[in-house]
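Q: Numbering of the sequence shown is given in numbering that gives the first Met the number 0, commencing with residue 0 and proceeding in unit increments.
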Amino acid sequence: MNKAELVSAIAKRADVPSATVDAVLAGLQEELVEAITRGEKVAVSGLITVERTQRSARTGRNPQTGESIDIPAANTVKVTAGSNLKKAASNVPV
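#1: May I ask you to report which of helix, strand or coil DSSP gives A63?
#2: Return the residue from the list S82, I68, T52 and G26 that minimises the CA-CA distance to G59.
#3: Which residues does DSSP list as the beta-bridge partners of I70?
#4: How about V32 and V78: do their beta carbons lie closer than 9 Å?
#5: How close, in whole Å, do the beta carbons of R54 and A73 come, if the pair is a contact with beta carbons under 8 Å?
#6: Applying the criterion that 16 or more other CB atoms from any shown protein chain within 10 Å of the CB defines a buried residue, is V20 buried or exposed?
The following block contains the structure:
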């Protein structure tokens, strides 16, 4: 499902205009980016948790040459599924 399909589905389910849903998703995106920039954790109970984490420096390997390379420390984003998403995924046969 892409963004346009998501906006359409939410608009239909919530019985609101697609433009409103699109604006809400844009606001959500902006707020998530700002919260991650500030180092804050964002949790929507039962759905998703998003937080900034630190990845320490490590030594890697170039797969083409086998040469060892140093990978610097970096900030990254960790996304964790909430209980409702986990339950939905476990109900789908493999």
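The beta-carbon is built from N, C-alpha and C at its ideal position, and this holds for glycine as well.
A: Once the coordinates are examined:
#1: As a first step, residue 63 is located in the sequence shown; it is residue number 64 there, counting from the start. With the sequence shown as reference, residue 63 is identified as Gln, and Ala is not the correct amino acid for it. DSSP places Q63 in coil when its eight states are reduced to three.
#2: The residue given as residue 59 occupies position 60 in the sequence shown. With distances taken between CA atoms, G59 lies nearest to I68 out of S82, I68, T52 and G26.
#3: Within the sequence shown, numbered from 1, the residue matching residue 70 stands at position 71. Residue pairing for I70: DSSP places it in a beta bridge opposite R57.
#4: On the sequence shown, residue 32 is found 33 positions in, with the first residue counted as 1. On the sequence shown, residue 78 is found 79 positions in, with the first residue counted as 1. No, the Cβ-Cβ distance between V32 and V78 is not below 9 Å.
#5: Locating residue 54 in the sequence shown gives position 55, counting from the first residue. Locating residue 73 in the sequence shown gives position 74, counting from the first residue. Right, their Cβ atoms sit about 5 Å apart.
#6: Your numbering for residue 20 matches position 21 in the sequence shown. Classification of V20: buried, given that the 10 Å Cβ count is 16 or more.
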